Amino acid sequence: METAMCPARIRSLVKDISGQTRKDEKLYPENFTRILDRLLDGYDNRLRPGFGGPVTEVKTDIYVTSFGPVSDVEMEYTMDVFFRQTWVDRRLMYEGPVEILRLNNLMVTKVWTPDTFFRNGKRSVAHNMTAPNKLFRIMKNGTILYTMRLTISAECPMKLVNFPMDGHACPLKFGSCKSCMCGWRCVCVCVCCGHLSQSTGNSQ
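As structure tokens, then:
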């Protein structure tokens, strides 16, 4: 199954986002400054949301932009993805003239973010041209959306007894060190690549 989005849908999304951004920009910037100042006043980004209570649930999904190469020698595969995480931090709830605060990547360092990592990852690169490829949004109810663009190389155990007529399932496993529970928002991400590989997304 190819991971693709039709051009008409992309144009529609860009139009909706740009239209909303222009609408937001008509509001006084002082309003946003006051909201952000109140949100960060006394906020401790060393503590997770609901510290001392149940684990923090982090919902994740991946949009695959490219897949490959697949190496049967190294038993690994590489793919370029947008990795999106969503969670609720009630400390960041606010009242204001906009439903969503669209912030740049500098805000990421000032709030708590999950310590999500790829369990079977070998290497990963976060894209920074021409600026860090990150998206950060805060909703009124404290819901956080954090998206980053990554290139990931991960292990793919292969049994090559029937090579080159074999097929393989290459998992992408991720989780958190502690205090977080990762949830997969999609059934799977599957990209077929010749006879060698089939990639599926999993959370553990």
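For reference, each letter of the sequence shown is one residue, going 1 to 204 in full-length UniProt numbering. Don't be surprised by glycine CBs; every beta carbon is placed ideally from N, CA and C. Just so we're clear, the structure is a prediction, and the values are computed from it rather than from any experiment.
contact_flag[the stretch 83–100, the stretch 57–65] where n(CB pairs < 8 Å) is 3 or more: yes
Check whether residue 125 and residue 151 have beta carbons under 8 Å apart: yes
Top-ranked residue by Cα proximity to residue 70, from 94, 154, 93, 104: Comparing Cα positions, the closest option is 154.
Separation of residue 172 from residue 66, as counted between CA atoms: 15 Å
Rounded distance between the beta-carbons of residue 82 and residue 174, thought under 8 Å: Wrong, their Cβ atoms sit about 14 Å apart, outside the cutoff.
Coarse secondary structure for residue 111, derived from DSSP in three states: coil
Whole-angstrom distance between residue 148 and residue 76, CA atom to CA atom: 22 Å
Sequence ranges, beta strand (DSSP E) only - wholly within the stretch 68–110, length at least 3: Segments of the beta strand (DSSP E) lying fully in the stretch 68–110: 76–88, 100–103.
Strand pairing of residue 117, partner residues [DSSP]: 175
Three or more C-beta pairs below 8 Å linking the stretch 159–168 and the stretch 123–140: no
Residue 155 - DSSP class collapsed to helix/strand/coil: strand
Cα-Cα separation, residue 187 to residue 105: Here residue 187 scores only 38 on pLDDT, less than 50, and its place in the model should not be relied on; the value that follows carries that caveat. Cα to Cα, residue 187 sits roughly 29 Å from residue 105.
Backbone CA spacing between residue 78 and residue 133 [nearest angstrom]: If you draw a straight line from the Cα of residue 78 to the Cα of residue 133, it is about 18 Å long.
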